[in-house]
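Position 3 (the sequence shown) corresponds to 254 in this note's numbering; numbering is contiguous.
Glycine included, C-beta positions come from ideal geometry on N, C-alpha and C.
Because the structure is a prediction, the values reported are computed rather than measured.
In what follows, a single structure is set out as structure tokens and then discussed.
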Amino acid sequence: MNIHISYMAQMRRLARKSSEQVTLDGGSRVIDLLRRLAEIHGPGFQAVALDAAGNGHASLLVFRSEEQISQDTPLAHGDRITLLTPMAGG
């Protein structure tokens, strides 16, 4: 199945692109997507996307369309996923 990913903020810098399409096996979940993207984009991306146990990092925000979803959410062909990290500052 094909999943379209949009990267925002720090995730865009780490992926070195604003968007891409990734093919996953049917029945994949968000965590499977995050692990695949970490393989593609390397250690810097992995450090932000995954925790030490290989689970989705708690600070990473994942949206399908405009709805925030968890790492256990099943994906479907054609899903449009947005990844971003929380902004801080003042």
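By Cβ distance, which residues of its chain are closer than 6 Å to residue i, with the 5 residues on each side in sequence left out?
| i | result |
| --- | --- |
| Leu335 | Met259, Ala260, Met262, Leu312 |
| Arg288 | Per the sequence shown, the amino acid found at residue 288 is Leu instead of Arg. Correct list: empty, nothing qualifies. |
| Phe314 | Thr333 |
| Arg264 | none |
Against chain C, with Cβ distances strictly below 8 Å, would residue i count as a contact?
| i | result |
| --- | --- |
| Ala303 | Judged by its chain identifiers, the structure shown contains no chain C, having just a single protein chain. |
Report the residue from the options whose alpha carbon sits nearest the alpha carbon of residue i.
| i | options | result |
| --- | --- | --- |
| Phe417 | Pro337, Ala327, Arg267 | In the structure as shown, the chain begins at 252 and stops at 341. Residue 417 is therefore absent and cannot be evaluated. |
| Arg286 | Asp323, Asp330, Glu317 | Asp323 |
| Ile320 | Ala298, Ala304, Arg280, Pro337 | Arg280 |
Excluding five sequence neighbours on each side, which residues of the same chain lie with their C-beta closer than 7 Å to the C-beta of residue i?
| i | result |
| --- | --- |
| Glu271 | Ile256 |
| Asp283 | Leu275 |
| Asn306 | Ile282, Gln322 |
Exposed or buried, residue i, counting other C-beta atoms within 10 Å across all chains shown (16 or more means buried)?
| i | result |
| --- | --- |
| His242 | Residue 242 is absent from the structure shown; the chain starts at 252 and stops at 341. |
| Ser316 | exposed |
| Ile291 | exposed |
| Ala309 | exposed |
| Ala304 | exposed |
Specify the secondary structure class of residue i as computed by DSSP and reduced to three states.
| i | result |
| --- | --- |
| Leu275 | coil |
| Glu318 | strand |
Excluding the 5 residues flanking residue i on each side, which residues of the same chain have their C-beta closer than 8 Å to its C-beta?
| i | result |
| --- | --- |
| Gly278 | Pro325 |
| Pro337 | Ser310, Leu312 |
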